[in-house]
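For reference, the structure is listed below as structure tokens.
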Amino acid sequence: MLKKPEISITVIFPATKGALMRIYRRKCKCCNEWFIPKYQNQYWCNEICGTKIALERRSKEREKAEKAEKAAEKKRRREEQKQKDKLKIQKLALKPRSYWIKQAQQAVHAFIRERDRDLPCISCGTLTSAQWDAGHYRTTAAAPQLRFDERNIHKQCVVCNQHKSGNLVPYRVELISRIGQEAVEEIESNHNRYRWTVEECRAIKAEYQQKLKKLRNSRSEVA
Numbered sequence: 001m002l003k004k005p006e007i008s009i010t011v012i013f014p015a016t017k018g019a020l021m022r023i024y025r026r027k028c029k030c031c032n033e034w035f036i037p038k039y040q041n042q043y044w045c046n047e048i049c050g051t052k053i054a055l056e057r058r059s060k061e062r063e064k065a066e067k068a069e070k071a072a073e074k075k076r077r078r079e080e081q082k083q084k085d086k087l088k089i090q091k092l093a094l095k096p097r098s099y100w101i102k103q104a105q106q107a108v109h110a111f112i113r114e115r116d117r118d119l120p121c122i123s124c125g126t127l128t129s130a131q132w133d134a135g136h137y138r139t140t141a142a143a144p145q146l147r148f149d150e151r152n153i154h155k156q157c158v159v160c161n162q163h164k165s166g167n168l169v170p171y172r173v174e175l176i177s178r179i180g181q182e183a184v185e186e187i188e189s190n191h192n193r194y195r196w197t198v199e200e201c202r203a204i205k206a207e208y209q210q211k212l213k214k215l216r217n218s219r220s221e222v223a
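Read in the UniProt record's numbering, the sequence shown has 128 at position 128, and its numbers run on one by one without any break.
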């Protein structure tokens, strides 16, 4: 098919108040038909095409504005999150050592309860309890150095742990059965009191959270 030649014509544009300007015919941006524009900025051949072009342009502008708005909102949320994270770090930096000891102990206790979930209370042997604790053989007050020692902590019913002061006589008998006489005597003879640092407590918390996760994952894989 032969290409239609562009025809140069002279048109008087109303906006130029009588000034002559040489222009060429154009292709409509909507239907691709050739037409002779009446105005310099006219790119449509008729009102229908003009309306379609205007609607399409408006749609694109709206879409562009929505994208810009979403990008701005995403940036705002990212900045807010950065500020929250920064504030959280600042708040944690001000937390006392007692806070981190508690955090680390909670992580260790959660691991102990999961580790011993199928075992009975180490003191009385019950398999039912309103609440399961992680009971220490030697208390954290008497032996803070053993606060996070897994050998010194076992699943215990709330009655034995909180209402019978640990119920230590049967606790010791079962503890020997579980970890051996030598390990129990090692726990009993350890009198090297230790002061846990904030950094150590934070590391212990992270370590036992990871150990708990691995233990649960391994059990779910077996199931």
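Every residue gets a Cβ at the ideal spot worked out from N, C-alpha and C, and that includes glycine. Here the structure is a predicted model, which means the values were calculated and not measured.
Taking a contact as a CB-CB distance under 8 Å, the pair I112 and C201 does not count as one, their CB atoms being some 17 Å apart. By a beta-carbon distance limit of 8 Å, I187 contacts N152. Their separation comes to about 6 Å. Contact fails between the region 119 to 132 and the region 70 to 84, because fewer than three Cβ pairs, one in each stretch, are under 8 Å apart. Membership of C49 in the alpha helix (DSSP H) is indicated by the continuous run 47 to 93. Among the bridge pairs identified by DSSP, I153 is matched with H136. In the three-state DSSP reduction, W100 falls in the helix class (H, G or I).
Nearest Cα to K52 within the set N41, C31, K67: C31. Cβ contact annotation for Q145 (same chain, cutoff 7 Å, sequence separation greater than five): N190, N192, R193, Y194, in chain order. Excluding the 5 residues flanking it on each side, L127 has same chain C-beta neighbours closer than 6 Å at P120, in chain order. For V159, there is no enclosing alpha helix (DSSP H), as DSSP marks it with neither H nor E. Look at K27 here: in three-state DSSP terms it is strand.
Cβ neighbours of Q209 within its own chain (closer than 7 Å, five residues either side excluded): A107.
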